[in-house]
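Novice: For the sequence shown, the numbering used here assigns the number 558 to the initial residue and increments by one for each residue that follows.
For every residue, glycine included, the Cβ atom is placed at its ideal position computed from N, Cα and C.
Sending over a structure as structure tokens; questions will come in a sec.
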Amino acid sequence: MRAAPSPEEIRTRNLATLLRHVHRDGAVSRATLAERMGLNRSTILALTTDLAAAGLVSEELPGQTGRAGRPSLVVRPRERRVYVVALDVGADRLAAARVGLGGTVLDRGETARPSGAFDPEDVIAALVEMARAMIDAAAADSVCVGVGVAFCGMVREEDGVVRYGPNIGWVDVAFGAKMTEQLDLGLRVAVGNNANLGALAERERGVGEGLANLIYLHGDVGIGGGIIMNGELLGGEGGYCGEVGHMIVNPRGRPCACGSRGCFEAEAGELGLIAAAGRTDPPGQAAVDAIVEAAARGDAAARDALHQVGEWLGYGVANLVNIFNPSMVVFGGVLREIYLASAAQVRSRVAVNGLQAVRERVRLRTSTLGGDATLIGAAELAFTDVLTDPLQTLARTAAARA
Ligand SMILES: [Zn+2]
């Protein structure tokens with residue numbers, strides 16, 4: 558039997574819960590917090606006083622409510638004082654953002670690069686430079702409480718080792734450890750799979766806000782999947798659940814980078830689209846946009862290619878819907894444009910191949926966080942420590958700076 562939690566553990570848990578409400582919603586009244594957390598007002602007052610003293614939140618009077626009586630103070634995150642650095646390693650870009658507590662993007666930068674194999678040391682050096690620039694530009698009294706990285710491949714989350722990043726040619730790279738060492742902030746750099754983080758971001762702040770059962774599909778050179786079921790991200794035995802890009806949709810189809818044939822990403826991803834359109838453009842957002850624009854102008858080859866790719870995308874989505882019974886499938890990365898240009902095919906495939914009982918509940922949507930879903934997810938990953946133990950994390954960060 559577990560021992561009952563100590564008063565100190567209960568206080569830490571309540572501080573974390575309160576800060577999570579404020580982080581997610583931006584500004585919450587003390588009265589609402591009391592109601593949501595099932596605590597009395599004096600306990601909420603004690604908790605907000607502690608968080609305010611640590612510089613995590615501020616309290617202010619709300620605007621006129623028109624109601625009689627003393628108004629309840631509104632608790633806000635101190636977004637310019639407490640922030641994280643989020644980084645995103647995509648197949649064809651590196652992106653960085655400084656994101657304040659509460660989720661506001663305070664600063665953002667991006668470097669495009671041709672897709673293909675990349676030396677890990679070069680990528681790490683570029684990311685460290687981007688992160689340093691963002692930290693140097695922050696106000697002197699502000700504090701970085703975490704660094705999170707979204708990576709386009711299979712990541713062992715506990716130590717940030719990239720097990721397999723086929724589209725940039727990485728196998729077993731100690732990415733998180735090297736980033737931690739080279740950034741040298743006294744903070745562990747957390748690394749996660751980009752599609753998993755995109756799923757979390759869409760659930761926290763995007764089109765899937767608050768949903769318990771959601772699948773996020775991220776397209777770049779490949780297709781990654783993040784699957785949230787019953788409110789939790791599915792991890793699997795090694796944390797690699799969701800490699801939907803290598804689900805076979807066409808056994809006699811195109812060869813895939815993984816060595817198989819007819820994988821979802823080989824048929825429905827940007828490589829499949831470019832090949833189907835008979836083009837030789839280098840893969841990337843620009844190539845996808847060019848085909849979508851050509852189809853809109855009436856180019857027959859581009860239209861046929863989108864029609865074909867929409868079919869394969871529909872088969873894959875129908876499989877996922879039948880297996881997982883999500884309430885929403887979100888298309889992110891280049892799959893946003895591919896889906897929008899082929900939605901009729903995707904929907905008709907789901908209508909034909911999805912089981913009635915599951916398809917009648919599912920909504921197909923594009924990411925509202927746009928190209929930043931994975932970056933916002935990396936920020937949420939970076940906020941994990943401060944949202945788990947706010948005061949301890951802040952004290953540790955201050956000690957590391959000193
Ligand atoms: Zn494959």
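In this structure, what does DSSP give as the bridge partners for S517?
Specialist: What the structure shows of the chain is the stretch from 558 to 959, and residue 517 is not part of that stretch, so it cannot be assessed.
Novice: Verify the contact flag: C709, CB atom, against every heavy atom of ligand 1, threshold strictly below 7 Å.
Specialist: False, no ligand heavy atom lies under 7 Å from that Cβ.
Novice: Please report the residue range of the alpha helix (DSSP H) in which N571 lies.
Specialist: Looking at the DSSP string, the run of the alpha helix (DSSP H) that includes N571 is 564-582.
Novice: Can H775 be considered in contact with ligand 1, in the sense that its beta carbon sits closer than 7 Å to one or more heavy atoms?
Specialist: No, Cβ of H775 sits at least 7 Å from all heavy atoms of ligand 1.
Novice: Closest by CA to A823, which one among G796, E794, G867?
Specialist: Closest by alpha carbon: G867.
Novice: Find the nearest neighbour of A769 within the set P671, G620, P812, S884, judged by alpha-carbon distance.
Specialist: The shortest C-alpha separation from A769 is found at S884.
Novice: When the Cα atoms are used, what is the spatial distance from G660 to T574?
Specialist: Each residue's alpha carbon lies about 16 Å from the other.
Novice: If you check the beta carbons only, do G889 and G755 fall under 8 Å apart?
Specialist: Contact: yes.
Novice: Considering only their Cβ atoms, is the gap separating L604 from L630 smaller than 8 Å?
Specialist: No, the pair does not count as a contact, with Cβ atoms beyond the cut-off.
Novice: Would you decide whether A653 is buried or exposed? Buried here means 16 or more other CB atoms lie within 10 Å of its CB.
Specialist: The residue is buried, with at least 16 neighbouring Cβ atoms inside 10 Å.
Novice: Can you name the residues that DSSP bridges to T941?
Specialist: None, per the DSSP bridge assignment.
Novice: Helix, strand or coil for P812 per DSSP?
Specialist: In the structure shown, P812 sits in a strand (DSSP, three-state: E or B).
Novice: For ligand 1, any of its heavy atoms closer than 7 Å to the Cβ of A752?
Specialist: Checking the Cβ of A752 against ligand 1 gives no.
Novice: If I'm right that Q902 touches G871 with Cβ under 8 Å, what's the distance once you round it to whole angstroms?
Specialist: 6 Å between Cβ atoms; contact.
Novice: Please report the distance separating the alpha-carbon of T925 from that of I772.
Specialist: For T925 and I772, the distance between alpha carbons rounds to 14 Å.
Novice: Would you list the residues sitting across from E667 in a DSSP beta bridge?
Specialist: DSSP, once it has assigned bridges, lists A652 as partnering E667.
Novice: Please classify R635: is it buried, with 16 or more other beta-carbons within 10 angstroms of its beta-carbon, or exposed?
Specialist: By the 10 Å Cβ count, R635 comes out buried.
Novice: Evaluate R760 with the Cβ neighbour count: other Cβ atoms within 10 Å of its Cβ, from every protein chain shown; 16 or more gives buried, anything less gives exposed.
Specialist: When all chains shown are included, R760 counts as buried.
Novice: Is the stretch 663-678 in contact with the stretch 593-608, if contact means three or more CB pairs nearer than 8 Å?
Specialist: No, the stretch 663-678 is not in contact with the stretch 593-608.
Novice: On a CA-only basis, which of A930, T941, L944 is nearest G781? Give me that one, please.
Specialist: Comparing Cα positions, the closest option is A930.
Novice: Work out the CA separation of L828 and A975 for me, nearest whole Å.
Specialist: Residue 975 falls outside the range modelled here, since the chain spans only 558 to 959, and no answer is possible.
Novice: With respect to 7 Å, is the separation between the Cβ of E827 and the closest non-hydrogen atom of ligand 1 below this value?
Specialist: The answer is no for E827.
Novice: Quick check on the burial criterion: 16 or more other C-beta atoms within 10 angstroms. Buried or exposed for A939?
Specialist: Counting Cβ neighbours within 10 Å, A939 comes out buried, since at least 16 surround it.
Novice: With distances taken from CA atoms, which of A758, I784, V806, D861 is nearest R836?
Specialist: Per the Cα distances, D861.
Novice: How would the residue list near ligand 1 read, in chain order, if you kept each one whose beta-carbon is closer than 5 Å to any heavy atom?
Specialist: Result (chain order): H803, C813, C815, S817, C820.
Novice: Taking the alpha-carbon of N876 as reference, which of V919, G841, Q842 has the nearest alpha-carbon?
Specialist: That would be V919, whose Cα lies nearest to the Cα of N876.
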